[in-house]
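A short write-up of the structure that comes next.
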Amino acid sequence: MMQTPLIRTENLIKIYQDGTVALRGVSISIRKGEIVGLLGENGAGKTTLVKILAGILKPTDGKIYVDGNEVRIRNSKHALDLGIGLVQQHFSLIDNMTVLENIILGKEESPLFSTLKLKRHRERIQELIEKTGLQVPLDVEVGLLPVGLKQRVEILKVLYKGVDVLILDEPTTFLTPHEVNELFTFLRKLISDGKTVVFISHKIKEVLSITDRIIVMRNGKIVKELPTKDATPEVLASLMIGEKSVQQINQDIEIKEAQSTGSKEPVMVVRNLRVRNDLGVESVRGVSFELFPGEIFGVAGVEGNGQDELVEAIVGMRPPIDGEIIINGEKIYKHNPLLAYSKGVSYIPGDRDRFGIILQFNVKENTFLSRQWEREFLGKLNSIKWSLVSELAKKIVERFKIVAPSINTLAKSLSGGNRQRLLVGRELTKKSKIIIAVHPTRGLDIASTEYIQSLLLQAKKEGRSVFLVSADLDEVLKLSDRIAVMYEGKFLAVKPKAEYTLEEIGLLMGGIKK
61 MMQTPLIRTE NLIKIYQDGT VALRGVSISI RKGEIVGLLG ENGAGKTTLV
111 KILAGILKPT DGKIYVDGNE VRIRNSKHAL DLGIGLVQQH FSLIDNMTVL
161 ENIILGKEES PLFSTLKLKR HRERIQELIE KTGLQVPLDV EVGLLPVGLK
211 QRVEILKVLY KGVDVLILDE PTTFLTPHEV NELFTFLRKL ISDGKTVVFI
261 SHKIKEVLSI TDRIIVMRNG KIVKELPTKD ATPEVLASLM IGEKSVQQIN
311 QDIEIKEAQS TGSKEPVMVV RNLRVRNDLG VESVRGVSFE LFPGEIFGVA
361 GVEGNGQDEL VEAIVGMRPP IDGEIIINGE KIYKHNPLLA YSKGVSYIPG
411 DRDRFGIILQ FNVKENTFLS RQWEREFLGK LNSIKWSLVS ELAKKIVERF
461 KIVAPSINTL AKSLSGGNRQ RLLVGRELTK KSKIIIAVHP TRGLDIASTE
511 YIQSLLLQAK KEGRSVFLVS ADLDEVLKLS DRIAVMYEGK FLAVKPKAEY
561 TLEEIGLLMG GIKK
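61 is the number of the first residue of the sequence shown in the working numbering; add one for each residue after it.
See the structure below:
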């Protein structure tokens, strides 16, 4: 007798208010005790699908069955009651509450002020932390945590609700390799206990190593379901991208030859920079480097070693306590982001939704952000020439292959990959000599990753300078001319890529310098 699927969808359709069709008749089955991988390019419909299952969105049409019974999932609490929990890629935590309070929030049991029950919660959560290996400081406010730790809190928060189906949207994005291994060990134990996992990831190797079955989506449809044992990286990449291969996507980009400037003078100099983090701890400790025209300078290292504070100081978001920053020959005395932009710096922040774009603005309006110094877009009394901005927005949408119904579409309606393309498109089309790119491809699918990496290489070939910070070591090695390895606020080594060995970089990332 065939097992009744734990979750089954039938012809799910989702059309957003702006006309975007996210799902086009999606029918899937998820069985008890399996890990299902969900693959697809950004904008394929993966996140929309799981948000419907988690009660965050409602389908335009179609049916959902849980344990063989048709249900209309009213909200996320109803989904949790049905045993379905989602860990989202974008955080839903309350910054001014502690980690412990965030994890407890939503439990039917005791109010937070009950000391006895709070103690019981703490003990249970600590046990969960030990099981998963996702170490977090329970008594620190979430707003003070780095991005990587916030992701761990999200995972723990859903697991603590005791769900039967755990949906993970890019869960390893902010985890170290060791933490990924510990998470995978926990997920396998979860399956042996009869639970079910839906695993969304752009990392094909991870999906192949952890899943039992893989569902591939493209353009809002299911294009293929197959057992993991029958899948290969090449097959999955082809299914995700469709007719156009990664190589063809790269060939679409016109790579111009570098324009010789005849200058070996650095475009950016940082000397003995010292910066404190939000807790008042010195997290950048005497960093010095030079960035030259036509090079990509990569920073490798495990997250939380001062990379964020270093970048924030350079772009003017965080005042240093000591040191010098010189951009295009001019020493920076005042520190604010607008000043950095005015000095010819393009900035692609790691948290695009918080620092890169305004979700409530449309594509056209986001295109104009940080262009206040480009006189061609300003009229009398500094009024904005919206007709020119519209032309630029259309060019960016076309050139950077942004999937959006129009330039009047709100940014919040775009998929994560298309938001990133909008951000990268805006920054790379500015007349800037310096590009600061922080995790520029984080959470993106194969095609978007290859595309954005190629754009950074194109910028280098045009004689521009790229300061690249990425937790993806493969990305740093692929793109960089010189690499600095950062550990506990210091650059332990700075030298050309060819002079490193993988073993040496691994040791340096762990704080071991031979």
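We put the CB at the ideal spot given by N, CA and C, even for glycine. Since we're looking at a predicted model, the values are computed, not measured.
query	result
If you compare alpha carbons, which of Leu299, Arg345, Glu190, Leu198 is closest to Leu333?	Arg345
For Ala544, name the three-state secondary structure that DSSP assigns.	strand
State the Cα-Cα distance for the pair Asn310 and Lys455, rounded to the nearest angstrom.	Any reading at Asn310 needs caution, since the residue's pLDDT is 41, under 50, leaving its predicted position unreliable; the model's value is listed next. Rounded to whole angstroms, Asn310 to Lys455 spans 19 Å at the Cα level.
Within 10 angstroms of the Cβ of Asp290, are there 16 or more other Cβ atoms? Answer buried if so, exposed if not.	exposed
Compare the Cα-Cα distances from Phe357 to each of Ala553, Leu339, Leu438, Leu117 and report the closest residue.	Ala553
What's the C-alpha gap between Asn71 and Arg273?	20 Å
How do the region 406 to 416 and the region 385 to 394 stand: do at least 3 beta-carbon pairs fall below 8 Å, yes or no?	no
How about Leu296 and Ile264: are their beta carbons less than 9 Å apart?	yes
Could you give the distance in angstroms between the alpha-carbon of Leu66 and the alpha-carbon of Glu187?	28 Å
For Lys304, count neighbouring Cβ atoms within 10 angstroms of its own Cβ and tell me buried if that reaches 16, exposed if not.	Note that Lys304 has pLDDT 44, beneath the 50 cutoff, so the model's placement of it is unreliable and the number below is only indicative. By the 10 Å Cβ count, Lys304 comes out exposed.
Is Leu178 closer than 9 Å to Leu160 when the C-beta atoms are compared?	yes
Roughly how many angstroms separate the alpha carbons of Tyr220 and Glu384, rounded to a whole number?	47 Å
Going along the chain, which residues of its own chain have a beta-carbon closer than 6 Å to the beta-carbon of Ser530, five neighbours each way excluded?	His499, Val536
Tell me which residue opens and which closes the beta strand (DSSP E) that Asp382 is part of.	382 to 387
For Pro556, does the three-state DSSP call read helix, strand or coil?	strand
If you measure between the beta carbons of Val423 and Ile462, is that distance less than 9 Å?	yes
Using only the alpha-carbon positions, how far apart do Glu510 and Arg184 sit?	43 Å
Starting from Met328, follow the beta strand (DSSP E) in both directions and report where the run begins and ends.	328 to 336
Return the bridge partner residues of Arg84 from the DSSP annotation.	Ile73
Does the structure place the region 358 to 371 close enough to the region 395 to 404 that three or more beta carbon pairs sit under 8 Å?	no
The alpha helix (DSSP H) spanning Val110 covers which residue range?	106 to 113
Less than 6 Å between C-beta atoms, sequence neighbours within five positions excluded: which residues of the same chain meet that for Gly105?	Ala82, Leu83, Met277, Gly280
DSSP three-state label for Phe357, please.	strand
What would DSSP say about Gly345, mapped onto helix, strand or coil?	Reading off the sequence shown, one finds Arg at residue 345, where the question assumed Gly. Strand.
Tell me which residue opens and which closes the alpha helix (DSSP H) that Arg459 is part of.	446 to 459
Quick one: what does DSSP say Glu325 is sitting in, helix, strand or coil?	coil
Just how far apart, CA to CA, sit Tyr76 and Ile506?	25 Å
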